[in-house]
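There are 2 protein chains.
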Amino acid sequence: MSRVIVSGTARAELRAALTEGDLLDSSEDLERYGRDETEDLLHAPDVVVRPRSTDEVARIVRVCTEHQIPITPIGGRTGLSGGALSVYGGVGLALDRMNAIEHIDEHNLQVTVQPGVITQVLVDAVAAKGLYYAPDPSSKGSCTIGGNLAENAGGPRAVKYGVTRDNVLNLEVVLPSGEVIWTGANTLKNATGYDLTRLMVGSEGTLGIITKAVLRLLPLPKASRLMLVPFDSAIRACEAVSAVFRAGITPSALEFMERDAIDFTLAHVEGITIQVPDAVQAHLLIEVDGLHEEVLLRECEMILQVVEAHGCGEVLFAETSAEVDALWRLRRNVAVAVKAHTVYKEEDTVVPRYALPQLLAGVKAIGREYGFRSICYGHAGDGNLHINILKDGLSDAFWKEELPKAIRELFTLTVSLGGTLSGEHGIGLVQRPYMDIAFDRAQLELMRGIKRVFDPLGIMNPGKVLPDMD
Amino acid sequence: MSRVIVSGTARAELRAALTEGDLLDSSEDLERYGRDETEDLLHAPDVVVRPRSTDEVARIVRVCTEHQIPITPIGGRTGLSGGALSVYGGVGLALDRMNAIEHIDEHNLQVTVQPGVITQVLVDAVAAKGLYYAPDPSSKGSCTIGGNLAENAGGPRAVKYGVTRDNVLNLEVVLPSGEVIWTGANTLKNATGYDLTRLMVGSEGTLGIITKAVLRLLPLPKASRLMLVPFDSAIRACEAVSAVFRAGITPSALEFMERDAIDFTLAHVEGITIQVPDAVQAHLLIEVDGLHEEVLLRECEMILQVVEAHGCGEVLFAETSAEVDALWRLRRNVAVAVKAHTVYKEEDTVVPRYALPQLLAGVKAIGREYGFRSICYGHAGDGNLHINILKDGLSDAFWKEELPKAIRELFTLTVSLGGTLSGEHGIGLVQRPYMDIAFDRAQLELMRGIKRVFDPLGIMNPGKVLPDMD
């Protein structure tokens, strides 16, 4: 497929399809909707449409199907795998105007939302009623529920509360045919036919367009405790992670930061003052939450025993909400800090938790072999290690020719440890060339077959997730 | 498709495919493998094969594909929707000899098992290492993990720990082509391609044969408390259910039993002596579990306040393990007791939790309208109401001609309340005629398309889940 220009006729039909929404085609707008947070990539759509209703989405899709125009759904543009980039031009379907929280059901602990709702806005709205929407990707202040569903976003709390996929009950989807379906039912259990709901989650806009979601809510945890645990050895820090769970505790977050990640962040983010002794090589950020204050204190003591048994340094307990905020800002701003420092590539490897030390050691060995520096951090509690590879002084030639070989080695190691390419960022555009490491032909053919069932013309977010047929 | 007789040639090839496993074709064996727990149905396969390895399964499948012989995977034969019945004869693929627990991974809290492992055997094996496999269908003493995966089995603990689908990480599957794949990775998070794992779970053997599973384990809860709460009104009991969750508590079980369900069980099950005052119309059986004894006592007090506010009678707390066993036997034997009393049909409706009172009232109204008696009980915590319709003195003509209309009304009500046909039993054979109530043509066409991608010849468990094409 080559870049698709939207004809004057199709453009007119798209305008006609939009009774309330609007169409943008200024070069500024196209460029704005042609970027997300993935490296420095730009793939602008030929036209941006911003519908306000499911009906409008369905009408737009019918126009695109008729003219075989690629459609790229666009959410908060915070993606890290390029899922929202319009690599073949065509129509960028921005869902930012479909941002209503339609119904907070306090009796059934569920909420019905449009896809353009910003995750933090939803979290705050339900918190006001004493309820909790658990998934909290680091970009929660600007990412949207639709994007979270498309990429199966995670975040620090996934280790206790699951990823987006685990917190969705039912989805309204516009199919490439223009038909509108619900994928399931608004129930906690469902053994009725194939699970279209969880198939849609994480399909990155390649099967259809999510126009409404019924999400599961929980009672808002009443209290939490946060601690920062330093280690002189990154490997020992990783080993302590498994031991915490083995002790019977499920933290609401268990994050890992390499020394460099901390230094970068302290250097680039205002207003965080934490003294880090020279010997410290890594930090664990551990949070517990629940209903009962004194239980949390007890669990903190149990965690303390475990991490001390693994040779940690002096543990910092956040005493004030300001200290809590500072520690979370430290963790959430690592990527920002790295980005401020240099061009970089971020990998989103995930392995069984206990394999983290092997993965980390392997990443460093591959870095030494190829001559790149990496900064590793992430959600150690569920084995999800973000690997930021720094360009620094490396040549463009190396970045283009050699680095992909190193990444291939890195993913091959990840898969050999029982892991896979992406824990929460999705495959999108940038990890697509590596899908053959995680899946052989039989699995990819099944996925391609499913894609054809939903999208026979191949207009839904082309160039994403599945490698080209060979 | 009509009943398929396995030719002598195919039979010889099947024997040749079985180097360790065996082939059964005596009428006794065929009848035994032709029944599960669904009503009094019998659909015998023409041949039963009992492989001992994934290799043997793959070889058997290739023979069946070559000769276009239907394959019906058979687990513990405890199913309640007829999923394991060989409605078109052919090969009954019994997985009872593939029952190894291959590896309990104490570091990563996961276990690798073959599909023929009996659920209780797995639960006991991991408990011996201080670990917990949470899903506990009522038939756990005889059902198998493979069957649990095929039907997406639930059970009382699903309300806190999720159904089978929520506790699986990765599956080895033999495709109808004879190819062997893994569906995902052994990780807690996965955003790498389409979710084939959760698509396989609940597909009832219609897409392929699960030959191995990597399941998630948890630390074994250290303590639990169980209470039996009587109500003079079944509706008020149902209303109390939502209030318990709204209070911030997530019980490890929250079961509902109508008065009749209790009386039937007390009459038909030995050794349970519980005094039930005449005024009592329903019971809630509520369990909390966790790490800390005194937290459980506190939660019991909180629950007590909620149920008393809803007008419950005198609450019975189980003080000894004998009392705990008696209460669970009371709950788990309801279906057994009903079965001992009369022929019956069991529906597995599920709705958003707060809609339970409406569903219950509707069921009774439909019963009055059509003149049948029903006994309702189930997993109220996740809105899953089992409805046993008693044949008693009803005529065969009514049972055959009129009852399906009543069931149609019952499912129509369920779906109108945001619910669906099955919460944990699956669609299998007996609920298939009602799929059009839950799904319209567009959704069913997607499911059929997915079925064709996996099973182009339609030999995998034909006659199940999806209604015939019209």
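Residue numbers (my numbering), protein chains in the order written: chain G, 40 to 509; chain L, 40 to 509.
Idealized CB from N, CA, C, for every residue including glycine.
Residue 33/G (DSSP reduced to helix, strand or coil) = Since the first residue of chain G shown is 40 and the last is 509, residue 33/G is not available in this structure.
Quick one: does residue 509/G have its CB under 8 Å from some CB of chain L?
-> Reading the first sequence from its first residue, position 470 is the one you call residue 509/G. For residue 509/G, the predicted model reports a pLDDT of 48, less than 50, meaning its position is unreliable and no value from the coordinates is stated.
Cross-strand partners of residue 418/L (DSSP beta bridge) = Residue 418/L sits at position 379 when you count from the first residue of the second sequence. DSSP, once it has assigned bridges, lists 423/L as partnering residue 418/L.
Counted within 10 angstroms of its Cβ, other Cβ atoms place residue 318/L as buried (16 or more) or exposed = For this step, residue 318/L is matched to residue 279 along the second sequence. Counting C-beta atoms within 10 angstroms of its own C-beta, residue 318/L has fewer than 16 neighbours from the protein chains shown and is therefore classed as exposed.
Nearest-angstrom beta carbon gap, residue 429/G and residue 373/G [assumed within contact, 8 Å] = Residue mapping note: residue 373/G aligns to position 334 of the first sequence, counting from 1. Residue mapping note: residue 429/G aligns to position 390 of the first sequence, counting from 1. Rounded, the Cβ-Cβ distance is 12 Å, inconsistent with contact.
Could you list the residues in the region 354-388 of chain G with a C-beta less than 8 Å from some C-beta on chain L, going in chain order?
-> Flagged, chain order: 387.
DSSP beta-bridge partners for residue 516/G?
-> This structure leaves residue 516/G out entirely; chain G is present only between 40 and 509.
In terms of residues, what are the limits of the beta strand (DSSP E) holding residue 61/G?
-> As a working note, residue 61/G is residue 22 in the first sequence. The continuous beta strand (DSSP E) containing residue 61/G extends over residues 61-63.
At which residues does the beta strand (DSSP E) containing residue 357/G begin and terminate?
-> What you label residue 357/G is simply residue 318 of the first sequence in a count that begins at 1. No beta strand (DSSP E) holds residue 357/G; DSSP gives it neither H nor E.
Just grab the DSSP bridge partners of residue 258/L for me.
-> The count along the second sequence starts at 1 and reaches residue 258/L at position 219. Partner(s): 170/L.
Can you tell me whether residue 42/L is buried or exposed, with buried defined as 16 or more other CB within 10 angstroms of its CB?
-> Along the second sequence, one-based indexing puts residue 42/L at 3. By the neighbour-count definition (other C-beta atoms within 10 Å, threshold 16), residue 42/L is an exposed residue.
Can you tell me whether DSSP reads residue 66/G as helix, strand or coil?
-> Locating residue 66/G in the first sequence gives position 27, where the first residue counts as 1. In the structure shown, the three-state DSSP call for residue 66/G is helix.
Look up residue 509/G in the DSSP assignment and say whether it is helix, strand or coil.
-> Counting from 1 along the first sequence, the entry for residue 509/G is found at position 470. At residue 509/G, the pLDDT of 48 sits below 50, so the modelled position is not reliable; the number obtained from the coordinates is stated separately. DSSP places residue 509/G in coil when its eight states are reduced to three.
The beta strand (DSSP E) enclosing residue 325/L, as first and last residue numbers = Stepping through the second sequence from its first residue, residue 325/L is reached at position 286. Element bounds for residue 325/L: 321-329.
Can you grab the Cα-Cα spacing for the pair residue 448/L / residue 493/G, in whole Å?
-> The sequence position of residue 448/L within the second sequence is 409, counting from 1. The sequence position of residue 493/G within the first sequence is 454, counting from 1. Straight-line Cα distance between these residues: approximately 31 Å.
Taking three-plus beta-carbon pairs below 8 Å as touching, is the region 55-69 of chain G in contact with the region 105-124 of chain G?
-> No, the region 55-69 of chain G is not in contact with the region 105-124 of chain G.
What separation, rounded to the nearest whole angstrom, lies between the Cα atoms of residue 336/L and residue 283/L?
-> If you number the second sequence from 1, residue 336/L lands on position 297. If you number the second sequence from 1, residue 283/L lands on position 244. Straight-line Cα distance between these residues: approximately 15 Å.
Given residue 18/G as reference, the closest of 438/G, 420/G, 426/G, 324/G once Cα atoms are compared = Since the displayed chain G opens at 40 and closes at 509, residue 18/G lies outside it and no answer follows.
Using a Cβ cut-off of 8 Å, pull out every chain B residue sitting near residue 142/G, in sequence order please.
-> In summary, chain B is missing from the structure at hand, where the protein chains are G and L.
Return the chain-ordered list of same chain residues with a C-beta closer than 8 Å to the C-beta of residue 495/L, the five sequence neighbours on each side being excluded.
-> Taking the second sequence and counting its residues from 1, one reaches residue 495/L at position 456. Closer than 8 Å at the Cβ level, and outside the excluded window around residue 495/L, lie 215.
If you drop the 5 nearest sequence neighbours on each side, which residues of the same chain put their C-beta closer than 6 Å to that of residue 509/G?
-> Working through the first sequence from its first residue, we reach residue 509/G at position 470. Reliability of the predicted coordinates at residue 509/G is poor, the pLDDT of 48 falling under 50, and no value is obtained from them.
With 8 Å set as the bound, which would you pick, yes or no: does the beta-carbon of residue 390/L sit closer than that to a beta-carbon of chain G?
-> The count along the second sequence starts at 1 and reaches residue 390/L at position 351. Judged by the 8 Å Cβ criterion, residue 390/L is in contact with chain G.
Using DSSP with H/G/I as helix, E/B as strand and the rest coil, what is residue 403/L?
-> Working through the second sequence from its first residue, we reach residue 403/L at position 364. Correct three-state label for residue 403/L: helix.
Could you work out which residue in 388/G, 109/G, 291/G is closest to residue 424/G when comparing CA atoms only?
-> Position 385 of the first sequence holds residue 424/G. Comparing Cα positions, the closest option is 388/G.
Which residue or residues does DSSP assign as beta-bridge partners of residue 88/L?
-> As a working note, residue 88/L is residue 49 in the second sequence. Residue 88/L pairs with 62/L, 132/L.
Could you give the uninterrupted runs of the alpha helix (DSSP H) lying entirely in the region 168-220 of chain L, keeping only those of 4 residues or more?
-> Counting whole runs of 4 or more residues, the region 168-220 of chain L contains the alpha helix (DSSP H) stretches 184-190, 197-200.
Cβ of residue 291/L less than 8 Å from any chain G Cβ?
-> Here residue 291/L refers to the residue found at position 252 of the second sequence. It does not; no Cβ of chain G falls within 8 Å.
Nearest-angstrom Cα distance between residue 498/L and residue 54/L?
-> By one-based count along the second sequence, residue 498/L stands at place 459. By one-based count along the second sequence, residue 54/L stands at place 15. A direct Cα-Cα distance of roughly 19 Å separates residue 498/L from residue 54/L.
Buried/exposed call for residue 95/L, threshold 16 Cβ in 10 Å | Counted from its first residue, the second sequence places residue 95/L at position 56. Of the residues assessed, residue 95/L falls on the buried side of the cut-off, its CB having 16 or more other CB atoms within 10 angstroms.
Between residue 426/G and chain L, is there a C-beta pair that is closer than 8 Å?
-> The residue labelled residue 426/G in the question sits at position 387 within the first sequence. Not one chain L Cβ lies under 8 Å of residue 426/G.
Neighbourhood of residue 166/L by C-beta distance below 7 Å, restricted to the same chain and skipping five residues each side = Looking up residue 166/L in the second sequence gives position 127. These residues qualify, in order along the chain: 259.
Using the DSSP secondary-structure output, state which residues sit across from residue 347/G in a beta bridge.
-> The count along the first sequence starts at 1 and reaches residue 347/G at position 308. Paired residue(s): none; residue 347/G is not in a bridge.
Just how far apart, CA to CA, sit residue 230/G and residue 220/G?
-> In the first sequence, counting from the first residue as 1, residue 230/G sits at position 191. In the first sequence, counting from the first residue as 1, residue 220/G sits at position 181. Distance from the CA atom of residue 230/G to the CA atom of residue 220/G, rounded to whole angstroms, is 18 Å.
Please name the residue, chosen from 145/L, 52/L, 446/L, that lies closest to residue 281/G on a Cα-to-Cα basis.
-> As a first step, residue 281/G must be located in the first sequence, where it is residue number 242. The shortest C-alpha separation from residue 281/G is found at 145/L.
Closer than 8 Å, CB to CB, is residue 457/G near chain L or not?
-> As a working note, residue 457/G is residue 418 in the first sequence. Yes, because at least one Cβ of chain L sits closer than 8 Å to the Cβ of residue 457/G.
Exposed or buried, what is residue 482/L when buried is set at 16 or more other beta-carbons lying within 10 Å of its beta-carbon?
-> Sequence index remark: in the second sequence, residue 482/L carries index 443 (1-based). That one is buried.
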